[in-house]
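Protein chains in written order, with my numbering: chain L, 1 to 435; chain S, 436 to 870. Cβ atoms here follow ideal geometry from the backbone N, Cα and C, with glycine treated the same way. What follows is a single structure, written as structure tokens, with notes after it.
Have a look at this one:
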């Protein structure tokens, strides 16, 4: 089997067999197929697409490309939650402790931010001392201790995904449904997850810009779950404006803690309830997702969920005092608010523009491995549909220096569109599949 | 300008500007753009195509990517001839001395064979001692001495083409009109050619398998000539069956010499006359191509063309005695004929199958740099439309050993289709553009 023939077959729109896909993925990992051949193959996939059968085979080949995780007994019945990435998306930090408090173990491998999109690991590392590079043994120990663990992917898991992702990032082959679906699902499968809720974001702050694209991705992953013996629920949720108010690492941790204390933004709480309900249903703790809502609310109100969060922080060697003393989180040197330049209704807040502004403040990275600043970011005081008078506080920027602050202000103001008449609020959840 | 953005623009079907194309080609040559990015870009071009304006800009950028040839005074009014490649295509060896004998200098940079397709340089090197790696100074000296020179491309000319071609060969991006057209034309332009006849082959033994594809390529290159201040005539000629009778390096040199002596296969002579006529017309020696035919025939019959060939061989340090003593050409150890297995008309002879069989005998190379055997090949005794009785000689195989001979026989016999009723002969020339 020659790589060039497999590239040609895909270029011509042919359907690759499981053997052919396994051959390519294995060759890509062991280096017998060169990066330029893989890049050409990825572009041919972007242009010609992949059938569902090919996407499943690609996922399987990637999942089996490295070591298999032995997640341990407890993780075998744990649940997992994954987001396709957005701006201000700190849902994991709220949902995971809520679900753990309900007695369902949550074993979650998270990622780092890239481009305009944040990552859960970066956010957690705002907490002094907290470690996210757990070994497999540490991962199991934290899960057993706290009922909840959030860590980076174990080394050696699905190396094909790491390899392909790095190439996709520099060859304009990121936004392609079969490649996105196989990347997400292969990591989940290699990690041992059997029951998962996928939060598929749609809108300007997501990879999927239209509802059709997002729904197609969600549908594909739910169907892949059936073929690969995994239970998958996909929630298509809105990312046309940032989620919650805070965007930036430490600021988002603080907002998640506020939310677990009953004091968070309503959209973040509502989405957390929705995702949490499906997780409880998947775990068999409730028969219907609707029944889970009051239970999760009670676990918030009792402080049980916050306690789980604190237990996880402690088990991962972080300073658990931050849970009660947010002042222990690092804070930017310059914090100042921006007044609304208009009187009127907020019609849109372009989430991608906000994400890029915050990344430019230092909270994100242009390429893998870049250092980030946990302190910087923005807190938005209004959401789409809110009415403001000129001069009222619109947002607060946390920056390292005045230059940064001014640049971010200009960029952030450009994210807003205003309306004289009441503007409709976008729905928070567009669609749920697989439930 | 980031490479990834230029790849994305092409992936989305956008039209790249001249600046963008120059940036990519320069980066590809200086290494600042990595091979995997170039490979993805090439595949995006294959899938999305290029506009005529993009193709012209790509050609210009490739032509200007290295040193410019100073072809010298004589070469400035020389003519050039180029074939897109076929099986048994030794036309250059006939046309070039004919046209030179008519007083028009012929300065030709040729290539080597790859895959099932032969190359003029490999054929010429069958002649003991003959050199095809001439320096620019030697190139001009041979041209001045013999009125005719055929050599490899000067080092440093259009390095972008060499780089892109090597990548295309291993990434299934060879057969793509704008990439083929820019590859051919950039080399011609960098080499200094101002007037040229392009022989665009069509059929199973050519890169272009259909007349539509071949005509589109021919039309594009003629139009590019107008934009780049070059006079270009394109002849779309048949390659559904091999040209002439001989396929293999020394065997083709011998057939070319036979043809210059008036003793060659009619199709090779006819195509040589056609191409030669357009070359004389481009050079202004005749006002109409038709007027050139009797003149070229007279130059064959007088021996003047053969004398030019001999002069070129001598000037390129080859043994000029081969012109009169073909026995001085190297000869394979095992030469034996194959009888026709049928009585009937030859309906088709698949040129690609013949080319692959001869390459497998050792006359061709699987990849650039492989050594080749000048002695091996095949002589076909019948053409499409001929009638044979079972047992009559169908072809003669020149091989190194019996194993090779038998393998080639089976493969070659599979190239034939037979008919009970008279089979039509394909036209030799399908179309002429730019004349």
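Query	Result
C-alpha gap between residue 442/S and residue 369/L, whole angstroms	23 angstroms
Inter-residue spacing [alpha-carbon to alpha-carbon] between residue 29/L and residue 802/S	24 angstroms
Inter-residue Cα distance where the pair is residue 449/S and residue 642/S	27 angstroms
Any chain S beta carbon closer than 9 angstroms to residue 43/L	yes
Residues near residue 814/S by beta carbon distance below 7 angstroms, same chain, minus five either side	680, 681, 686, 830, 831
Inter-residue CB distance, residue 149/L and residue 143/L (contact presumed, cutoff 8 angstroms)	4 angstroms
First and last residue of the uninterrupted beta strand (DSSP E) at residue 852/S	851 to 854
Contact set between residue 442/S and chain L, taken where Cβ atoms lie within less than 7 angstroms	171, 172
Test item: CB-CB of residue 495/S and residue 663/S under 9 angstroms	yes
Cβ-Cβ distance between residue 52/L and residue 224/L below 9 angstroms	yes
Whole-number beta carbon distance between residue 717/S and residue 668/S, since they are thought to touch under 8 angstroms	6 angstroms
Positions along the stretch 588 to 602 of chain S whose CB lies within less than 8 angstroms of some CB in chain L	602
Three-pair Cβ contact test at 8 angstroms for the stretch 839 to 859 of chain S versus the stretch 691 to 705 of chain S	no
Proximal residues to residue 10/L (C-beta, below 7 angstroms), its chain only, five neighbours per side dropped	16, 41, 44, 45, 48
Closer than 9 angstroms to chain L by CB, residue 461/S	no
Interface partners of residue 416/L on chain S, CB under 8 angstroms	Near residue 416/L there are no residues of chain S at all, since even the closest Cβ is about 26 angstroms away, more than 8 angstroms.
Short Cβ contact (9 angstroms threshold) for residue 423/L with residue 350/L	no
Residue 275/L and residue 106/L closer than 9 angstroms at C-beta	no
Same chain, Cβ closer than 7 angstroms to residue 361/L, neighbours up to 5 away in sequence not counted	376, 377, 399, 404, 408
Touch test, the stretch 518 to 525 of chain S against the stretch 598 to 605 of chain S, Cβ-Cβ under 8 angstroms, three pairs minimum	no
Same chain, Cβ closer than 7 angstroms to residue 287/L, neighbours up to 5 away in sequence not counted	none
Contact belief for residue 697/S with residue 735/S at Cβ below 8 angstroms, rounded distance in angstroms	6 angstroms
Proximity to residue 385/L [Cα-Cα], best of 392/L, 327/L, 425/L	425/L
Outcome for residue 57/L when other beta-carbon atoms lying within 10 angstroms are tallied against a minimum of 16	buried
Any chain S beta carbon closer than 9 angstroms to residue 38/L	yes
Between the CA atoms of residue 200/L and residue 82/L - distance to the nearest angstrom	8 angstroms
Start-to-end residues for the beta strand (DSSP E) that takes in residue 828/S	828 to 834
Between the CA atoms of residue 652/S and residue 2/L - distance to the nearest angstrom	28 angstroms
Contact set for residue 755/S: own chain, Cβ-Cβ below 7 angstroms, skip 5 residues either direction	745, 748, 749
Nearest residue (CA-CA) to residue 766/S, options 671/S, 563/S, 637/S	563/S
Interface partners of residue 439/S on chain L, CB under 9 angstroms	169, 170, 171, 172
Residue 201/L (DSSP reduced to helix, strand or coil)	strand
Proximal chain L residues relative to residue 470/S, where beta-carbon distance stays under 9 angstroms	34, 35, 36, 39
C-beta atoms of residue 675/S and residue 640/S nearer than 9 angstroms	yes
Alpha-carbon spacing of residue 547/S relative to residue 554/S, whole angstroms	4 angstroms
Test item: CB-CB of residue 152/L and residue 185/L under 9 angstroms	no
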